[in-house]
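Residue numbers (the working numbering): 22 to 236.
Cβ coordinates follow ideal geometry from the N, Cα and C atoms, glycine included.
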């Protein structure tokens, strides 16, 4: 057996005890985590104190048991409604539509938005079999057209991707038919601050021209 084979044999994960291999396998299912990173995380957990390891396990168990979707906006929530929907200081007449729950935090970090949200749970993608019925689009239309909600504006903050743009266009078209008095806006997109024209692709530069404003 050559030295390369010996090294491969020595490094084979099959040499790990079954509990360790199970931990590596489960950690490897996390997004962005390859086998080598999963092994490092597994051995970090093994070296951790029993208290720290137990705290990690308890945190995972607690979030799975106690966190669900807000009954109004479908953001992550502990209870029937999320903290944003429960906050009476938020502008209830303004809805920002995003694809996923982490996008809510991205918008919140700007400190520029004071309304409420609607989380679709993804974006339209017929190629992948994702149709309007698979997302929380019908629930959005119900919120906007309910007279009790008095919605003034819907901000479409889906991602500037092919699927995100298709989702925004679909929602905008339907809202124009069902709620003509509601203003529908789209987040501006284009050149990033500090970016150079030389390195901008044609799509980004085109968006920048389309979204230009008077100074």
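The beta carbon of residue 87 sits closer than 6 Å to those of 99, all from its chain and outside the five residues before and after it, given in chain order.
If you keep only unbroken beta strand (DSSP E) runs of at least 3 residues inside the region 124-209, you get 136-140, 174-177 and 204-207. Of the residues 97, 180, 233 and 85, the one whose Cα lies closest to the Cα of residue 118 is 180.
Beta-bridge analysis with DSSP links residue 115 to 174.
Excluding sequence positions up to five before and after residue 196, its CB lies within less than 7 Å of the CB of 165, 175, 203 and 205, all in the same chain and listed in chain order.
Taking 8 Å as the cut-off, the Cβ atoms of residue 122 and residue 188 do not count as close. Taken through DSSP and simplified to helix, strand or coil, residue 226 comes out as helix. About 17 Å separates the beta carbon of residue 38 from that of residue 49, a gap too long to meet the 8 Å contact definition. Using a 10 angstroms sphere on the CB of residue 120, the tally of other CB atoms reaches 16 or more, which defines it as buried. Under the three-state reduction of DSSP output, residue 78 falls in the helix class.
According to the DSSP assignment, residue 62 belongs to the alpha helix (DSSP H) that extends over 56-68. Here residue 98 carries a strand assignment [DSSP, helix/strand/coil]. Closest option to residue 139, judged by alpha-carbon separation, among 216, 131, 157 and 53: 157. Per DSSP, the beta-bridge partners of residue 90 are 97. Only exposed fits residue 216, as fewer than 16 other CB atoms lie within 10 angstroms of its CB. Residues 90, 103, 105, 106, 122, 125, 138 and 140 of the same chain have their beta carbon placed closer than 8 Å to that of residue 96, with the five preceding and five following residues left out of the count. Contact check for residue 172 and residue 81: beta-carbon distance about 37 Å, past the 8 Å limit, so the pair fails to qualify. In the DSSP assignment, residue 104 falls within the alpha helix (DSSP H) that extends over 104-107.
With contacts defined as CB atoms closer than 8 Å, residue 212 and residue 231 fail to qualify as a contacting pair.
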